[in-house]
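First the structure, in the form of structure tokens, and then the observations on it.
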Amino acid sequence: VGAAFEGKTAIITGAGSGIGKAAALQLAREGANVALFDLNHERTKLTEQEINSVRTGAARAFDVDISNPLRVEKAVLESVELFGGLDIVFANAGINGVVAPIEEIGIEDWRQTLATNLDGTFLTVKYTIPHLKKQGGGSIIITSSINGNTRFTSFGMSAYSTSKAAQCAFAKMAALELAKFRIRVNVICPGAVSTNIDDSTMKTEGLKEIIIPVEFPEGGQPLADGPGQPEQVADLVRFLASEQSSHITGAQIVIDGAESLL
Ligand code: NAD
Numbered sequence: 007v008g009a010a011f012e013g014k015t016a017i018i019t020g021a022g023s024g025i026g027k028a029a030a031l032q033l034a035r036e037g038a039n040v041a042l043f044d045l046n047h048e049r050t051k052l053t054e055q056e057i058n059s060v061r062t063g064a065a066r067a068f069d070v071d072i073s074n075p076l077r078v079e080k081a082v083l084e085s086v087e088l089f090g091g092l093d094i095v096f097a098n099a100g101i102n103g104v105v106a107p108i109e110e111i112g113i114e115d116w117r118q119t120l121a122t123n124l125d126g127t128f129l130t131v132k133y134t135i136p137h138l139k140k141q142g143g144g145s146i147i148i149t150s151s152i153n154g155n156t157r158f159t160s161f162g163m164s165a166y167s168t169s170k171a172a173q174c175a176f177a178k179m180a181a182l183e184l185a186k187f188r189i190r191v192n193v194i195c196p197g198a199v200s201t202n203i204d205d206s207t208m209k210t211e212g213l214k215e216i217i218i219p220v221e222f223p224e225g226g227q228p229l230a231d232g233p234g235q236p237e238q239v240a241d242l243v244r245f246l247a248s249e250q251s252s253h254i255t256g257a258q259i260v261i262d263g264a265e266s267l268l
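Quick note: to get the UniProt record's numbering, add 6 to the position in the sequence shown (first position is 1).
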């Protein structure tokens with residue numbers, strides 16, 4: 007494997023599991039130093055060990071709740087000091103959050119879902135911009151969802167879908183604002199991917215049974231038998247992080263095996 011990312015540094019949020027972990031392994035395999043931000047410290051330490059046990063770029067786990075501004079700011083500074091710069095930001099951490107009919111969603115659950123998925127993305131981008139500018143450019147990749155930019159819906163997930171659509175709007179603004187600094191901003195919109203995301207569904211107390219009002223077509227993803235794999239999404243992240251995508255910014259790329267076309 008070539009070392010396309012030799013000497014580069016990446017911050018990856020949600021790096022303890024799923025898509026973030028696969029992207030961290032992929033970038034490190036090609037030489038990048040990776041700062042792993044996640045609030046599940048145990049799992050993220052394992053990712054760190056896995057990367058550091060092979061001869062690649064170095065990894066360091068940081069205990070960060072991306073919805074906490076002070077924590078994000080501090081961890082970004084620490085990673086830049088540790089690795090001596092910043093080139094790639096993968097704002098990927100997210101949760102399913104509250105899943106319930108709208109009339110049953112509590113404001114606290116609504117806020118917590120948006121605090122992680124939307125505020126977390128904003129804070130990750132906000133606090134990394136100065137370092138990318140200092141580097142003379144860079145690549146920011148944001149994980150949204152087909153819930154955010156297509157007509158695809160998942161019943162009960164209005165807080166999630168709202169946060170994912172807002173990430174797309176935010177990325178569009180950031181792409182234009184940061185273009186003159188040679189910082190690219192792109193969004194990936196996966197369909198179902200085989201990860202631990204279902205553990206992040208918040209339990210709503212006293213929730214009446216969710217009644218699905220329409221029959222959903224069975225079919226999963228036409229291009230595959232089941233959901234996508236995190237490594238397939240990591241290949242797209244790798245492309246958007248690399249110089250091969252040097253003229254791509256403000257894009258929203260669906261990666262769903264045609265799931266959203268059903
Ligand atoms: P995952 O649960 O396997 O991994 C997400 C990681 O984010 C976990 O390690 C978790 O601890 C971390 N995290 C959650 N809240 C955090 C916070 N506040 N601060 C720091 N870390 C936090 O799930 P995944 O599928 O790899 O999810 C990654 C992204 O992909 C999410 O934004 C998700 O919405 C998006 N996505 C996933 C799917 C899917 O089907 N898996 C589909 C579309 C979009």
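Idealized CB from N, CA, C, for every residue including glycine.
Contained alpha helix (DSSP H) runs [length at least 4] in the region 23-89, N- to C-terminal order: 24-35, 47-58, 75-89
Distance cut-off 7 Å: residue 241 Cβ against heavy atoms of the ligand NAD: Here residue 241 refers to the residue found at position 235 when the sequence shown is read from its first residue. The answer is no for residue 241.
Between the CA atoms of residue 160 and residue 107 - distance to the nearest angstrom: Position 101 of the sequence shown, counted from the start, is the residue given in the question as residue 107. Position 154 of the sequence shown, counted from the start, is the residue given in the question as residue 160. Taking the straight line from one Cα to the other gives about 11 Å.
Residue environment, residue 137, which counts as buried when at least 16 other CB atoms sit within 10 Å: As a working note, residue 137 is residue 131 in the sequence shown. By the 10 Å Cβ count, residue 137 comes out buried.
Length at least 4, wholly inside the region 91-142: the alpha helix (DSSP H) runs in chain order: 113-120, 126-141
Residue of 244, 257, 262, 267 minimising C-alpha distance to residue 9: The count along the sequence shown starts at 1 and reaches residue 9 at position 3. For residue 9, the nearest C-alpha among the options comes from 244.
Local conformation of residue 149 per DSSP, three classes: The residue given as residue 149 occupies position 143 in the sequence shown. Note: residue 149 maps to strand in three-state DSSP.
Reduced DSSP category for residue 244 - H, G, I as helix; E, B as strand; rest coil: Against the sequence shown, residue 244 aligns to sequence position 238. Looking at residue 244 - three-state DSSP - the assignment turns out to be helix.
Residue 163 (DSSP reduced to helix, strand or coil): Here residue 163 refers to the residue found at position 157 of the sequence shown. In this structure, residue 163 counts as coil in the three-state DSSP scheme.
The region 225-244 in contact with the region 150-158 per 3-pair CB rule at 8 Å: no
For residue 13, the nearest candidate out of 195, 91, 79, 21 (CA to CA): One-based indexing of the sequence shown puts residue 13 at position 7. It is 91.
Nearest neighbour of residue 208, chosen from 87, 102, 22, 17 [CA to CA]: Translated into the one-based positions of the sequence shown, residue 208 becomes position 202. Among 87, 102, 22, 17, the Cα nearest to that of residue 208 belongs to 102.
Residue closest to residue 140, alpha-carbon to alpha-carbon, out of 72, 186, 172: Translated into positions along the sequence shown, residue 140 becomes position 134. Of the candidates 72, 186, 172, the one whose C-alpha sits nearest the C-alpha of residue 140 is 186.
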